[in-house]
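J.: Residue numbers (our numbering), protein chains in the order written: chain W, 8 to 118; chain L, 8 to 118. Backbone N, C-alpha and C fix where the C-beta goes; we use that ideal spot for every residue, glycine too. Okay, here's the structure, questions in a sec.
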DNA sequence: CCTATCAATAACCATATGGTTATGATTCGC
DNA sequence: GCGAATCATAACCATATGGTTATTGATAGG
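In structure tokens, the structure reads:
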């Protein structure tokens, strides 16, 4: 349980720490599978940078790539957020009954 | 709603990206309020570094400090995780019914 | 084929970041 | 009051990181 917190892949936290990278991830979530080109056209950074960011996201298993011809399509992978959810679960369990505010927040997640 | 994703404070994501900082935060969660000294004794880094990390966590509103004499006690603030929860909520809403795995994970958060 | 397009790599740069030791500012115990 | 303890800041260093502009390696199209 507690050991879980240590085994959480750093990669996920590090990946989501950069706003540009989050923006790319959000774009993939909202607009679905897209090529590097399409993503580049919608960010303010260069194509190589987009490729780099996608590489980081891929390493963290937050996105999945699908090469097709000379294009490479990327899509968000929901399972990639599992480590984050597990990490939150730990705090929820620990704080249960102690801090009502967090409890409320997590309850509202279930609306 | 979608705008929420942009207004999420970077500070929280950036704070949690560093493993040493997460370790300090986890220590505060598990063991409760502690002085800088106590925290320093339980990490492998120097006292100034612990102070710096605590400064970052404090800026992200993940911890609260309480000076007392020459000691300064720090404790974790549950509300500080709210931005993270909101961010997750967005993905839950977006993926609801689409990706069962994430749905299951988030449902299990409510046990 | 020859060229244009696409994505990844290389080479490079500036700055942010995590770490250190030294110093300062308070406060406590004697 | 004086020395020791506690924490923050300063000064500094090495490396990681986000960014750029070439360049390369494929593939698609005329």
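1. Give me the chain L residues within the contact set of residue 95 of chain W, using Cβ-Cβ distance strictly less than 9 Å, ordered along the chain.
2. Give the list of continuous alpha helix (DSSP H) stretches no shorter than 4 residues that lie fully inside the region 19-49 of chain W.
3. Using the rule of at least 16 other Cβ atoms within 10 Å of the residue's Cβ for burial, across every protein chain shown, is residue 26 of chain L buried or exposed?
4. Using a 10 Å radius around the Cβ and a threshold of 16 neighbouring Cβ atoms, would you call residue 54 of chain W buried or exposed?
5. Does residue 41 of chain W get closer than 8 Å to chain L when you measure Cβ to Cβ?
6. So, does the CB of residue 17 of chain W fall closer than 8 Å to a CB anywhere in chain L?
7. Taking the straight line between their C-alpha atoms, what separation do you get for residue 98 of chain L and residue 51 of chain L?
8. Counting only Cβ pairs nearer than 7 Å, list the residues of chain L close to residue 26 of chain W.
9. Under 8 Å, Cβ to Cβ, is there at least one residue of chain W near residue 20 of chain L?
10. How is the alpha helix (DSSP H) around residue 63 of chain L delimited, first residue to last?
11. In the DSSP output, what is residue 92 of chain W paired with across the bridge?
T.: According to the structure data:
1. Walking along the first chain from the start, residue 95 of chain W turns up at place 88. Under the 9 Å cutoff, chain L gives 88, 91, 92, 95 and 116.
2. 26-38 and 43-48
3. By 1-based counting over the second chain, the position of residue 26 of chain L is 19. The residue is exposed, with fewer than 16 neighbouring Cβ atoms inside 10 Å.
4. Residue mapping note: residue 54 of chain W aligns to position 47 of the first chain, counting from 1. Per the 10 Å Cβ criterion, exposed.
5. Residue 41 of chain W sits at position 34 when you count from the first residue of the first chain. Not an interface residue.
6. Residue mapping note: residue 17 of chain W aligns to position 10 of the first chain, counting from 1. Yes, residue 17 of chain W lies at the interface with chain L (some Cβ there is under 8 Å from its Cβ).
7. Taking the first residue of the second chain as 1, we reach residue 98 of chain L at position 91. Taking the first residue of the second chain as 1, we reach residue 51 of chain L at position 44. Looking at the two C-alpha atoms, the distance is approximately 36 Å.
8. Stepping through the first chain from its first residue, residue 26 of chain W is reached at position 19. In chain order: 17.
9. One-based indexing of the second chain puts residue 20 of chain L at position 13. Yes, contact with chain W.
10. Translated into positions along the second chain, residue 63 of chain L becomes position 56. Taken as a continuous stretch (DSSP letters only), the alpha helix (DSSP H) holding residue 63 of chain L covers 54-66.
11. Residue mapping note: residue 92 of chain W aligns to position 85 of the first chain, counting from 1. For residue 92 of chain W, which the question treats as bridged, DSSP gives no partner whatsoever.
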